[in-house]
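Here the structure is laid out as structure tokens; the discussion comes afterwards.
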Amino acid sequence: QVQLVESGGGLVQAGGSLRLSCAASGRTFSSYLMGWFRQAPGKEREFVAAISSDGSSTSYRDSVKGRFTISRDNAKNTGYLQMSSLKLEDTAVYYCASWSTPGAYKYWGQGTQVTVSS
């Protein structure tokens with residue numbers, strides 16, 4: 004089992020940057036995929052980025068490509084989402100998740116709010 008705790012959210016002006024962290028507990032984190040999702044008010048939760056267990060492979064939704072970078076440090080049991088050139092439409096609650104294989108049950112964190120202002 005994996006427990007996840009996000010941090011690093013906050014209020015930032017458009018064009019600014021934030022780095023989200025996802026601290027994991029449990030011995031399986033380093034063997035699990037990890038990803039970030041977000042949910043804006045009135046909208047469904049959507050995929051943002053994912054990274055393989057060893058960090059060698061990443062994927063992103065089109066709207067964040069070139070602006071966001073997902074990474075992980077398995078020695079620290081922590082994942083990250085570096086967000087740059089933030090836009091108003093990036094405002095959402097950001098959740099990290101971890102799962103063993105594609106389509107498997109996901110463990111979720113509690114979420115961290117990111118608000119981008121003009």
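Just remember that my numbering sits 3 ahead of the position in the sequence shown, which is counted from 1.
Beta carbons: idealized from backbone N, C-alpha and C, even for Gly.
If you draw a straight line from the Cα of A26 to the Cα of N80, it comes to about 6 Å. Within the same chain, L36, T61 come within 8 Å of S55 by CB-CB distance, once the 5 residues on both sides are set aside. Per the DSSP secondary-structure output, L89 pairs with nothing in a beta bridge.
Contact fails between the segment 103-115 and the segment 81-91, because fewer than three Cβ pairs, one in each stretch, are under 8 Å apart.
Taking all protein chains in view, the Cβ of R41 is crowded by 16 or more other Cβ atoms within 10 Å, so the residue is classified as buried.
Taking a 10 Å sphere around the C-beta of D76, we find fewer than 16 other C-beta atoms and assign the residue as exposed. DSSP lists F50, Y98 as the bridge partner or partners of F40.
From the listed residues T94, S103, W111, the smallest Cα separation to T118 is found for T94. Secondary structure at A78: helix, using DSSP grouped into helix, strand and coil.
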